[in-house]
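Enquirer: Sequence lines, in order, name chains U and P.
The first sequence begins at 0 in numbering that gives the first Met the number 0 and counts up by one.
The second sequence begins at 0 in numbering that gives the first Met the number 0 and counts up by one.
2 protein chains.
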Amino acid sequence: MRHILRLFWPRAQYIARRKTWRTFNSPRLLFSVSPTPHRLDKPSDIMDHELEEMLAPLRLAVKEQGDIVRKLKDEKAPDIDIQRAVAELKHKKKTLEDKELEFGAKDNIDRGKMEDLLKQKFFFDQSFSIYGGVNGLYDFGPMGCAVKANILQAWRNFFVLEEQMLEVDCSMLTPEPVLVASGHVERFQDYMVKDLKTGDCYRADHLIEATFEKMLADKKVNAEKKTEIKNIMPLIDGMSMEEMGKTIVKYNMKSPLTNNDLSEPMEFNLMFSTAIGPTGHIKGFLRPETAQGIFVNFKRLLNFNQGKLPFAAAQIGNAFRNEISPRSGLLRVREFTMAEIEHFCDPTEKDHPKFNTVADLDVVLYSACNQMDGKSPQVWKLGEAVKQKLIANETLGYFMGRIQLFMLRCGIDKKKLRFRQHMSNEMAHYACDCWDAECKTTYGWVECVGCADRSCYDLNQHSKATGTKLVAEKRLQQPKDVDVVECVANKVTLGKAFKKDSKVIGEYLAGLSEGDCDRIEKELSANGESQITVGNQTFTLKADMVSVKRYSKKVHVEEIVPSVIEPSFGIGRVMYSMFEHNFHIRDGDEQRSYFSLPAVIAPYKCSVLPLSNKDAFVPFVRDLSKALTVNDISHRVDDSSGSIGKRYARTDAIAIPYGVTIDFDSLNAPHTATLRERDSMKQIRAPLEEIPLIVKDLSVGVRTWEDVLNNYPIFEQQDATKEK
Amino acid sequence: MRHILRLFWPRAQYIARRKTWRTFNSPRLLFSVSPTPHRLDKPSDIMDHELEEMLAPLRLAVKEQGDIVRKLKDEKAPDIDIQRAVAELKHKKKTLEDKELEFGAKDNIDRGKMEDLLKQKFFFDQSFSIYGGVNGLYDFGPMGCAVKANILQAWRNFFVLEEQMLEVDCSMLTPEPVLVASGHVERFQDYMVKDLKTGDCYRADHLIEATFEKMLADKKVNAEKKTEIKNIMPLIDGMSMEEMGKTIVKYNMKSPLTNNDLSEPMEFNLMFSTAIGPTGHIKGFLRPETAQGIFVNFKRLLNFNQGKLPFAAAQIGNAFRNEISPRSGLLRVREFTMAEIEHFCDPTEKDHPKFNTVADLDVVLYSACNQMDGKSPQVWKLGEAVKQKLIANETLGYFMGRIQLFMLRCGIDKKKLRFRQHMSNEMAHYACDCWDAECKTTYGWVECVGCADRSCYDLNQHSKATGTKLVAEKRLQQPKDVDVVECVANKVTLGKAFKKDSKVIGEYLAGLSEGDCDRIEKELSANGESQITVGNQTFTLKADMVSVKRYSKKVHVEEIVPSVIEPSFGIGRVMYSMFEHNFHIRDGDEQRSYFSLPAVIAPYKCSVLPLSNKDAFVPFVRDLSKALTVNDISHRVDDSSGSIGKRYARTDAIAIPYGVTIDFDSLNAPHTATLRERDSMKQIRAPLEEIPLIVKDLSVGVRTWEDVLNNYPIFEQQDATKEK
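#1: In the DSSP assignment, find the alpha helix (DSSP H) that holds U/His48 and state where it starts and stops.
#2: Inspect the beta-carbon positions of P/Phe157 and P/Gly143 and report whether they are closer than 9 Å.
#3: With burial defined as no fewer than 16 other Cβ atoms inside 10 Å of the residue's Cβ, what is the status of U/Ser31: buried or exposed?
#4: Give the straight-line distance between the Cα atoms of P/Lys499 and P/Ile531, rounded to the nearest whole angstrom.
#5: Assign P/Gln119 to one of three DSSP states: helix, strand, or coil.
#6: Using only the alpha-carbon positions, how far apart do U/Glu578 and U/Ile411 sit?
#7: With a 10 Å radius around its C-beta and 16 neighbouring C-beta atoms as the bar for buried, classify U/Met53 as buried or exposed.
#8: Helix, strand or coil: which one does DSSP assign to U/Arg585?
#9: For P/Arg202, name the three-state secondary structure that DSSP assigns.
#10: Within the 9 Å Cβ cut-off, does P/Ile129 reach chain U?
#11: Does P/Asn259 get closer than 9 Å to chain U when you measure Cβ to Cβ?
#12: How about U/Ile247: is its C-beta nearer than 9 Å to some C-beta of chain P?
#13: Decide if the region 321 to 330 of chain P is in contact with the region 194 to 207 of chain P; the criterion is three or more beta carbon pairs, one per stretch, under 8 Å apart.
#14: Give me the Cβ distance between P/Thr289 and P/Ala312, rounded to the nearest whole Å; I'm assuming they're in contact under 8 Å.
#15: Alpha carbon to alpha carbon, how far is U/Ala84 from U/Gln64? Give it in angstroms, no decimals.
#16: Looking only at its chain, what residues have a beta carbon closer than 7 Å to the beta carbon of U/Ala598, apart from the 5 residues adjacent to it on each side?
#17: Near P/Leu708, what residues of its chain come up, given a Cβ to Cβ distance below 6 Å and the 5 sequence neighbours on each side ignored?
#18: For a test of the three-state rule: what should DSSP assign to P/Leu124, helix, strand or coil?
#19: By the three-class DSSP mapping on this structure, what secondary structure does U/Val85 have?
#20: Are the C-beta of P/Thr35 and some C-beta of chain U separated by less than 9 Å?
#21: What does P/Pro174 reach in chain U if we use C-beta pairs closer than 7 Å?
#22: Got a sec: is the Cβ-Cβ distance from P/Thr278 to anything in chain U below 9 Å?
#23: My understanding is that U/Pro669 touches U/Pro691, with C-beta atoms under 8 Å, so please give their C-beta distance in whole angstroms.
#24: Helix, strand or coil for P/Met337? Go by DSSP, reduced to three states.
#25: For P/Ser366, go through chain U and note every residue whose CB falls closer than 9 Å to its CB, in chain order.
#26: Could one say the Cβ of U/Cys486 lies closer than 9 Å to chain P's Cβ atoms, at least one of them?
#27: Do we get a CB-CB distance below 9 Å when we pair P/Leu39 with the residues of chain U?
#28: Of the choices U/Met265, U/Val484, U/Ser529 and U/Arg320, whose alpha-carbon is the least far from that of P/Gly276?
#29: Could you compute how far the alpha carbon of U/Val177 sits from the alpha carbon of U/Ile281?
#30: Helix, strand or coil for P/Gly658 per DSSP?
#31: Would DSSP call U/Gly328 helix, strand or coil?
#32: Here's the rule I'm using: 16 or more other beta-carbon atoms within 10 Å means buried, otherwise exposed. How should U/His342 be labelled?
#33: Below 7 Å CB to CB, which residues in the same chain sit around U/Glu393 once its five sequence neighbours on both sides are set aside?
#34: Alpha carbon to alpha carbon, what distance is there between P/Ser546 and P/Cys486?
#35: Please report the residue range of the beta strand (DSSP E) in which U/Gln377 lies.
#36: Using DSSP's beta-bridge definition, name the partner residues of U/Thr673.
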């Protein structure tokens, strides 16, 4: 089992990126392998001593391997050796992490029970089940849809509105050239093998790993072979396509279900492709992330922001990945909702004016350094981590702080949240620094939010591909003189020679670089003519058609390609983690499971329950429901039969935080009702007309339940023990 | 130019459906061709007399053709004759409607100017423009995105929350069998022809029409030929694929841009196809509508609703159609957002408990009858239209009323909104009645919302395709006795004979119909054995393995397949119509164009403008901005340079309804500021601390601007004439 599920880069992409790491030498990139020393503000408070003793040898093994990797890199050893060493490092890290999870603090979440509840109350379930279902596709039912809508609304309020971001909503269908430029067509892929008879496909690395694990457990396999396998297993992650093919042949691996022969491994791009328009000529893909829609609109957005940096754009929307074999429920799916932010800023000014609002936050950081040394994550003050350069810059740190605050608001357990830094070998080649917000679940630590400094990679790529300048103007401190070289067309002679084409030729000449101007000038003086290609036409210019002018100009601005800081949320993964972190079973009653979601996320804020189906209750229920609607409080009336306890259990199961019961005392003046809180099951009695406002204040968080408990009489009659 | 742009069914689909109309004979279907007489409550108030005189001959021509169609249908004439007559009827209707639009009430909307404003302020624009753009794909910028989010939020409040609908969020990727069952694989298509050299594609009917129009305008074409063409043109819509091919050959039609030869017409399915998973075996499509996701989840939703009918499910999401040649901006696109409701009810109980809340609404109805008679739309009270059976039932009428209320809330002009009934020949073959809410735009009348009674078609189709019962249980008034016939397996003998297969065989036997039980019983008694096929295996049963039992049983419920009433919103079309209906240019100033969007839809509710960039204004602007944020009022601070008039114009252009200006009087106690309303440009002066609440009350509609004008001193200094 893998403990780290990666949403954002599949394995092969990761390998591809790693291969390029040596060609980049930004100081930030080197940092995570040769770290500046840093001081820890607090000792780790996550692990206890007994566990640490058990883990010590594993930590040492990681540290030793980390040192080997560093040494190889320092010595500029051959790539292949470094790759193998890194693969082994990853394997050792995984072994360490598996043990940590196995023996660390136990949560006792019964995932099966939780999934039952999620299905039964139709939070979400497999799509097209009546047709046999499709792996990796899920439908959200009324409760899941409301939870998702609430998370997205909270996200929009917390990020877009509070930070005045520019939200966009771009096409999912994306023509191929855009994704060629972004690198997805070339690199967004995994290796797979096919069952030669059935055509079933398997991820090559998964298949090799599973086969080896089976062989290790097989009594018929001799000890020598097992030792050999144990030595190879750490290397699987670093294998090339050819090495995987050889391994499959050498160990005579077969298709797991049928025992049929397998194909050679092949590259498989994870994007869904389609044809746009009827001709079939416009090849397109479903976007694998929402970010590219923002980059291709950069000019419009900068213009909307009146040309000023910094600004952030945001997008909420679906993205698609054709996983070879989706698994782990909502964590690895083929269609999912993302919420992404692209913060564009001057590459030399990555300070953030609001950083001080998060500087005092405690965050758990699992730095690249700690990972290579086999150490645990550590608690830092964000301000200190940025000051010590552990986190690359204030803007990245600011967003990490905001991510943590948002996650906690959504009900993520602070003790199960950490930020893990990418090691240089797993970081996208263009990124300077990258931290993933990971949540601990029964599947291990799951990457839920990526937060990367992508430098100016994306804008540069699209600029190169389209010839469109994607830059911002920066006011210079001092105006400066620059030498200008330009080709000036003689409109008369050009017009005579090329008629209607002369306009595009003129535009082409005006846009030439200094080097091109030089070339044309030289050719004209040497041969009396020079050829240029515009679009797919070639034109021959004569000496009387163009002149090259050189002069000096005072400029007040310079053009810069902005850097991009990108927080990127996998909404389904945040949701899933939130469900796990808030799943409970009532003490002593296995049947009563429920979710303690925060009110802001809960599908309804309040339930309204008449004690029985007595007619006299009806007008009270109706009036209360109206009053709640007027106050914008989403609520659910449950006037079905069944004891009040059963109905409480039902509303708990769909995470409704507050419940109002109309009982016999409600009928007499002064009219009152009981108000129950889901997690404590405690109740108070309050005047009916005050209840909507109490619930509203509780729901939006301006009042606490403790405060309500202190100000109204406790109601004991239907307490927890009597709920059934 | 086509005046009716159809979102929901492309032309060929329409033809396909028309072909089936005769095979259905629900009383509602007959209605629109043989209408019951109905009384008009009010004379039409739409057209004036002069216009009516001019239109009279055209109306008569429609009426005469309508009568011919009716006669042919009554006589059960051959299908092909009816089709031709209907095509001619449509053509005559279109001629009438074109004239109505040409000479009817003029709006003088300058579409070019409006589109400039939409682009310039990045409400929306073509996707991937830096890559040359893709037709039919649009990106929404910050303003368009906010407007869209506000419309969707308003929709969710108005429909989902107020009506307690079950909202779902289903996969867009859809496996083929689902769309085979729904009919989309077979019927969701257009005919196209290809340029044989370039491969460019054209819609066959568009191409034939355009070529004919060109020939009619050509002096070289003789009068005889022109008469012939005029006689054929009305028939284009009714042509089969073969007839189109013959017409193209006969008139020697060529590719319009290149004059190259054309291919034969071919069918082109409008769905985007892709392969799900790596094997390529799971063929899938991007959903062409959101509705199917609801139907395949029917069982879960019914279960969530505790088995009770009626209930409505709703879904907001994107759908995709691979238009052959998208045009008309946001009106015909390849990727679009829909908001659909499926209201499931007992087919014999289509009354609606809340119908009385809309019965008194005035609606403009353009009935099928009126269309065939060449008459204008007419104003009706909704209650009367349902009473007279013009609208099939209360539930359909209720949703039409709700649709109208919602459209008006979004700023749609009541005078440019009508409901057009589908004629029997254009109605989906399974529908009993269907009305489109159409908005009048510079493109003609545009279908924005469909509202159809789809009967039980969809559930039946999915049920047939999957073998899953999609039914609800209905309590019988009186319990009744039914005869039951069932095959009962002898577990012992069956188990001995078939081992592990015996379980599925037992389940198969338990599910057999009466007819199958009879067959097996007969075969067993005749031959001593009987064969059954379960999955892809065949088993031979012996007489000692099964017995057929017959008995009588008292049942209290019966199973019914619910009917579905479907209101279906094309959000992009509603948005586009809303922009047109709210676009204005200030009198006497061509440069100042703006949108008068209602506050609930406007991207920001309020602007905050310091009179100049004087430092003393800064704290007041900051404090007011904070106070607005606390009150959840989205707002924009514009402290850029430029006169206050210029900045008002800028905020008007992005539809901000209210503007607060901090001026010199704001600096002195008692601190005040001016508040300006966008449409009237009138201003008042109010205490600064009261302003957030005034704006909030105005935005949510609990206070009118008139009321504010009456309660605060009018501020004249920066009035309209001085704004520049």
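No residue lacks a Cβ here, since even glycine has one placed at the ideal position from N, Cα and C.
Expert: Taking the structure as given:
#1: His48 to Asp73
#2: no
#3: Low per-residue confidence applies at U/Ser31: pLDDT is 30, beneath 50, and the placement is therefore not dependable, though the value from the model is reported in the following sentence. By the neighbour-count rule (16 or more Cβ atoms within 10 Å), U/Ser31 is buried.
#4: 16 Å
#5: helix
#6: The sequence given here places Phe at residue 578 of chain U; Glu does not occur at that position. Roughly 9 Å between the two C-alpha positions.
#7: exposed
#8: coil
#9: strand
#10: yes
#11: no
#12: no
#13: yes
#14: Rounded, the Cβ-Cβ distance is 10 Å, inconsistent with contact.
#15: 7 Å
#16: Lys604, Pro656, Leu697 and Ser698
#17: none
#18: The displayed chain sequence assigns Asp, not Leu, to residue 124 of chain P. Here P/Asp124 sits in strand by DSSP.
#19: helix
#20: At P/Thr35 the pLDDT is 33, less than 50, meaning the model places this residue with poor confidence; the figure from the coordinates comes in the next sentence. False, the Cβ-Cβ gap to chain U never drops below 9 Å.
#21: Phe127, Tyr130 and Val133
#22: yes
#23: No, U/Pro669 and U/Pro691 are not in contact; Cβ-Cβ is about 16 Å, not under 8 Å.
#24: strand
#25: What P/Ser366 touches in chain U: nothing, since even the nearest Cβ is about 36 Å away.
#26: no
#27: For P/Leu39, the pLDDT reaches just 36, beneath the cut-off of 50, and the residue's location in the model is therefore unreliable, although a value from the coordinates is still provided. No, P/Leu39 lies away from the interface with chain U (no Cβ there is under 9 Å from its Cβ).
#28: U/Arg320
#29: 12 Å
#30: strand
#31: helix
#32: buried
#33: Lys349, Asp350, His351, Phe354 and Val385
#34: 6 Å
#35: Gln377 to Lys380
#36: U/Thr660 and U/Arg684
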